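Student:
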Amino acid sequence: MKILIFAYRYLSLYYRSALSILATFLVVLSTYAYAEKPSLTVAISTDMPPYVMDGATKGLQIDIINEALNEHSVQFVQMPIADLQTAVQQGKADAALSVLLDDTNVFYSNHYITFANYAISKKADGIKIDSVPDLKDHRVLTWQNAYLELGPEFGVLFGPDSPQRENYIEFADQAEQVKQFWQQNGDIAVIDRSIFSHFSRAMGKTMDEVILHALFSPVTHFKASFKDEEVRDYFNYRLDRMCQDGRYNALLDRYGIALLATICDIGESVKVED
Numbered sequence: 172m173k174i175l176i177f178a179y180r181y182l183s184l185y186y187r188s189a190l191s192i193l194a195t196f197l198v199v200l201s202t203y204a205y206a207e208k209p210s211l212t213v214a215i216s217t218d219m220p221p222y223v224m225d226g227a228t229k230g231l232q233i234d235i236i237n238e239a240l241n242e243h244s245v246q247f248v249q250m251p252i253a254d255l256q257t258a259v260q261q262g263k264a265d266a267a268l269s270v271l272l273d274d275t276n277v278f279y280s281n282h283y284i285t286f287a288n289y290a291i292s293k294k295a296d297g298i299k300i301d302s303v304p305d306l307k308d309h310r311v312l313t314w315q316n317a318y319l320e321l322g323p324e325f326g327v328l329f330g331p332d333s334p335q336r337e338n339y340i341e342f343a344d345q346a347e348q349v350k351q352f353w354q355q356n357g358d359i360a361v362i363d364r365s366i367f368s369h370f371s372r373a374m375g376k377t378m379d380e381v382i383l384h385a386l387f388s389p390v391t392h393f394k395a396s397f398k399d400e401e402v403r404d405y406f407n408y409r410l411d412r413m414c415q416d417g418r419y420n421a422l423l424d425r426y427g428i429a430l431l432a433t434i435c436d437i438g439e440s441v442k443v444e445d
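For the sequence shown, the positions run 172 to 445 when our numbering is used.
#1: Where does the unbroken beta strand (DSSP E) through residue 341 begin, and where does it stop?
#2: Could you check the C-alpha separation between residue 315 and residue 413 for me, to the nearest Å?
#3: Does the region 295 to 304 come within contact of the region 243 to 263, defined as at least 3 CB pairs closer than 8 Å?
#4: Is any heavy atom in the ligand FMN found nearer than 7 Å to the beta carbon of residue 239?
#5: Can you tell me where the beta strand (DSSP E) holding residue 405 begins and where it ends?
#6: Buried or exposed for residue 396, please, with buried defined as at least 16 other CB atoms from any protein chain shown within 10 angstroms of its CB.
#7: Starting from residue 237, follow the alpha helix (DSSP H) in both directions and report where the run begins and ends.
#8: Need the endpoints of the alpha helix (DSSP H) that residue 423 sits in, please.
#9: With DSSP collapsed to three states, give me the class of residue 434.
#10: Count the other C-beta atoms from every protein chain shown that fall within 10 angstroms of the C-beta of residue 409, then say buried if there are 16 or more, exposed otherwise.
#11: Helix, strand or coil: which one does DSSP assign to residue 393?
#12: Quick one: is residue 207 buried, meaning 16 or more other Cβ sit within 10 Å of its Cβ, or exposed?
#13: Rounded C-beta distance between residue 289 and residue 429? I'm assuming under 8 Å.
#14: Counting Cβ pairs, one atom from each stretch, are 3 or more of them under 8 Å apart for the region 214 to 222 and the region 256 to 271?
#15: Is it true that the CB of residue 310 sits closer than 8 Å to the CB of residue 340?
#16: Between the region 371 to 389 and the region 226 to 234, do three or more beta carbon pairs fall short of 8 Å?
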């Protein structure tokens, strides 16, 4: 009997020690694995579904960035669109999305996201718009810095020194832009079709109530800016792989985004060996 008790105590002690060692090993392993993923702060816009949703926890841009930067632990920080242009330069983030400006102090990616922008009017207003100059007699609601991004004709018409500037309103929050559009008669919203559709549905409105005026390039592509050149190069490489294996277009389909052309049609991504 004493031998059995001794054996039981010995085996119990052995297994407890083994379990303790195993638990410690798993903790160390998980900590090591986490530490192997460097942290990366990425500046992103305020919510604009289906691209950015629920406080930058989901959306097309979120999925693209997490997939392309899969070897990093990405932390998103939201800010107005205008602030994204210099977020990296000012030390607010390691990378910034939806940028257009050129600055030699940061490293710009290839184009990674595409928007389809239209001038949108209400059918009930009966507004005739066939060209960009036709906008000059109407109040135009759009996003920050849109005059820099929609072609030279639009830029001249609504630039800072233009007399039409007083009828031109930029919004940091595109939900507010769409809200004002529906509240005011005669307003024109210049905005991405998918963003407008999502916010309008949330307000009980439908696309049957509006007219989409195709005044701009069918698509507008945007880049990301990076503090680190190697991270930028890896991002470009991963984007290229996503285009090649169909993952990028699968993400577009997931969010119901149909485009005449995507970044996968440009063919500018970096090619490197595995």
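Don't be surprised by glycine CBs; every beta carbon is placed ideally from N, CA and C.
What you are looking at is a predicted structure, and each value in this text was computed from that prediction instead of being measured.
Tutor: Answer, in terms of the structure:
#1: 339 to 342
#2: 30 Å
#3: no
#4: The ligand content of the structure shown is nil, which means the ligand FMN is not present either.
#5: Counting along the chain, residue 405 falls outside any beta strand (DSSP E), though it belongs to the alpha helix (DSSP H) covering 400 to 415.
#6: When all chains shown are included, residue 396 counts as buried.
#7: 231 to 239
#8: 418 to 425
#9: Judged by DSSP in its simplified three-state form, residue 434 adopts helix.
#10: buried
#11: Correct three-state label for residue 393: strand.
#12: exposed
#13: Wrong, their Cβ atoms sit about 13 Å apart, outside the cutoff.
#14: Segments in contact, yes.
#15: yes
#16: no
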